[in-house]
Structures are given as structure tokens and as C-alpha cells.
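Down below is the structure, laid out as C-alpha cells.
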Amino acid sequence: EAGVTQSPTHLIKTRGQQATLRCSPISGHTSVYWYQQALGLGLQFLLWYDEGEERNRGNFPPRFSGRQFPNYSSELNVNALELEDSALYLCASSLRDRLGEKLFFGSGTQLSVL
Amino acid sequence: GENVEQHPSTLSVQEGDSAVIKCTYSDSASNYFPWYKQELGKRPQLIIDIRSNVGEKKDQRIAVTLNKTAKHFSLHITETQPEDSAVYFCAASISSNAGKSTFGDGTTLTVKP
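These protein sequence lines are chains A and B, in that order. The opening residue of the first sequence carries number 2 in our numbering; numbering runs sequentially from there. The opening residue of the second sequence carries number 10 in our numbering; numbering runs sequentially from there.
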């Protein structure tokens, strides 16, 4: 079974540009979560999509947005890039069972803003 | 909101020794506490989790303990091996929504051969 896949692996942009990151969940998973992992820090929750809808967002400005497609894949868009947006962006899909929810992560997109 | 603190930030042990990483959380409503291992350049992977109706859980060389009253939980790795070297993250959430977990800042574990 294929895991969560993210593309691109690396992305280099300059300040003010826009970045688009993509995530494909594990087949059968309908929820996709996005996280930002700045160097040396833990994961910060960005966005949650489920069944095509944005369900919740973390404490990030509106220039961080995204969407989920009918096949449950997802895009994260970051507009008006700032230097501090440089980070590893991780996507996770989730499996819910009778006990709760477990996360499966992708390998991430390393975004560098110059 | 939830606040998770993780200690230590770095830990170096000799192969064969034990390693302990501790986390505290603030929200008494949290009831799901997973631990993730992230090797250099790789994705975080769930290695063990515990729910608040359980005090301890073991899986081979890995164990997690939870003290709900004190709001802290710990990861214990026994008989450490060089391949245990990685960054370990704890997290706390409501079990029905693990994706909205609050994560600790991570512990870099180095196991010296």
C-alpha cells in the first residue's frame, strides 16, 4: 500500500512569491492535515481538510490556504511568501477506528524562501 | 489551548543504556498521547501511543507511561541501539481528532555505539 506522498520534495522561492505544495493521502483516508515544522521546533498545526471541506485551521495568517479535491488529495498554498515561511511542510492523512484517529505522515516539502 | 512541553531537547546515551523522554501537557481534556520518531530526512512515524484510560503500554523495547493526575507522560527506550538515534516528538490531543494534536518541540536522541 502506498503511503502519503508529497511533492515537490524541495521548493525554492523568493519573498513575495506564491508556493503550492501537494499531498496525496493513503487510499481510503479522507482527512488530510498540514503542518509547519520550522528548524528545531515541533510541528505546528496549519489546516485540516475532510471530505473536501476545510474543518479547522491553526494560528496562521490567511495567506496560508488550501483545498482538498474529490479524490482527497490536497494542496497547500502560501501567498506573499516571507522569509520566516522557510520550513518543512508535512502532510498527514488519518485513519479513524473505534479507538480514535491515527496519523500517517508524508516525507514533507522543504520550502526555502530567499 | 493545549500546551505541551518536552524534555530534554537533546539526549545522548551509550548503546545498551536506557533513554527516557518526558512530556507535560496542560489541557485535562486531552486523552490521546502518541509518540513519533523522525529519522534524519525522513517522515515522522508513530511508534507508540497511549490513551488516558491506561497507565502504561509496552511494545518490545519501547514503553510509555501516563500520569493523568500530574498531566505528564514519558517514553522509555530500553537496550538502546544506534538505529534508535532520531528526533522523538510527543503529542497530546482528543483521540477522535489526533490530527489537531499539540506537539512537543522534540528530543534529539543520539545512541553512541
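The C-beta atom is built at its ideal place from N, Cα and C for all residues, glycine as well.
Can you tell me where the beta strand (DSSP E) with residue i in it begins and where it stops?
| i | result |
| --- | --- |
| A/Asn78 | Ser75 to Val79 |
| A/Asn57 | Glu54 to Arg58 |
| A/Thr15 | Element bounds for A/Thr15: n/a, residue is neither H nor E. |
| A/Phe46 | Leu44 to Asp51 |
| B/Ile59 | Gln54 to Arg60 |
| A/Val33 | Ser32 to Gln38 |
Kindly indicate if chain A contains any beta-carbon less than 8 Å away from that of residue i.
| i | result |
| --- | --- |
| B/Pro17 | no |
| B/Ala107 | yes |
| B/His51 | For clarity, residue 51 of chain B is Lys in the given sequence; the question names His instead. True, the Cβ-Cβ gap to chain A drops below 8 Å. |
Grouping DSSP H, G and I as helix and E and B as strand, with all else coil, what is residue i?
| i | result |
| --- | --- |
| A/Pro120 | Because chain A in this structure spans residues 2 to 115, residue 120 of chain A falls outside the shown range and cannot be described. |
| B/Lys77 | coil |
| A/Gly101 | strand |
| B/Glu92 | helix |
| B/Ala107 | helix |
| B/Asp68 | strand |
| A/Leu112 | strand |
Taking 6 Å as the limit between beta carbons, can you name the residues of its chain near residue i, skipping five residues before and five after?
| i | result |
| --- | --- |
| B/Val96 | Gln47, Gly115 and Thr117 |
| B/Ser27 | Thr87 |
| A/Tyr73 | Pro26 and Thr31 |
| A/Gln111 | His11 and Leu89 |
| A/Ser8 | Arg23 |
| B/His16 | Lys31 |
Quick one: residues in its chain with C-beta nearer than 7 Å to the C-beta of residue i, no 5 flanking neighbours on either side, listed in chain order?
| i | result |
| --- | --- |
| A/Leu91 | Tyr36, Gln38, Leu44, Phe106, Gly107 and Gly109 |
Answer with yes or no whether the minimum CB distance from residue i to chain B is below 8 Å.
| i | result |
| --- | --- |
| A/Gly109 | yes |
| A/Ala88 | no |
| A/Phe46 | yes |
| A/Ser95 | yes |
| A/Lys14 | no |
| A/Asn57 | yes |
Leaving aside the five residues before and after residue i along the sequence, list all residues of the same chain whose C-beta is less than 8 Å from its C-beta, in chain order.
| i | result |
| --- | --- |
| A/Gly4 | Ile27, Phe105 and Gly107 |
**OP:** With 9 Å as the limit, tell me which residues of the region 18-38 of chain A have their beta carbon closer than that to any beta carbon of chain E; keep them in chain order.
**Re:** Among the protein chains in the structure shown, which are A and B, there is no chain E.
Original post:
Is there contact here, the region 60-74 of chain A with the region 71-79 of chain B, by at least three beta-carbon pairs under 8 Å?
Top reply: These segments do not touch.
**OP:** Take every Cβ of the region 33-50 of chain B, pair it with every Cβ of the region 102-109 of chain B, and state whether three or more of those distances are shorter than 8 Å.
**Re:** Contact holds: three or more Cβ-Cβ distances are below 8 Å.
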